[in-house]
Amino acid sequence: MQNKDHSNQIFVDPVCAMEVRAGTADITSTYKSTIYYFCAEGCKKAFESNPAKFLSQKPGKKKGLWGRYLDRLDKATGGKSMKCH
């Protein structure tokens, strides 16, 4: 079995959808033999309180002024999430 170097790999925080680089992320949690990377301790705590909630999420329809803003932001950025760090 080879030891793979994931230090340059980018993961998505399952709570806030921020991009997290594995080499710089020191906030991780293991759930069902899978390592999840987080941008902040708050996201890790939220995930650990109810992992199934964040792993089974389907994007819902955004409502109101904020929802329209987020739709426009997604369109302008091509759906790429913002960089956290």
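Quick note, the sequence shown lines up with residues 1362 to 1446 if you use the numbering used here. Idealized CB from N, CA, C, for every residue including glycine.
Does residue 1387 pass the burial test, meaning 16 or more other C-beta atoms within 10 Å, or should it be called exposed?
exposed
Any idea which residues DSSP pairs residue 1382 with across the strands?
1371
Between the alpha carbons of residue 1403 and residue 1437, how many angstroms are there, rounded?
28 Å
Pop quiz: residue 1383 and residue 1370 are said to be a contact at Cβ under 8 Å. What is the actual Cβ separation, rounded to whole angstroms?
5 Å
Per DSSP, what kind of secondary structure is residue 1390 in: helix, strand or coil?
strand
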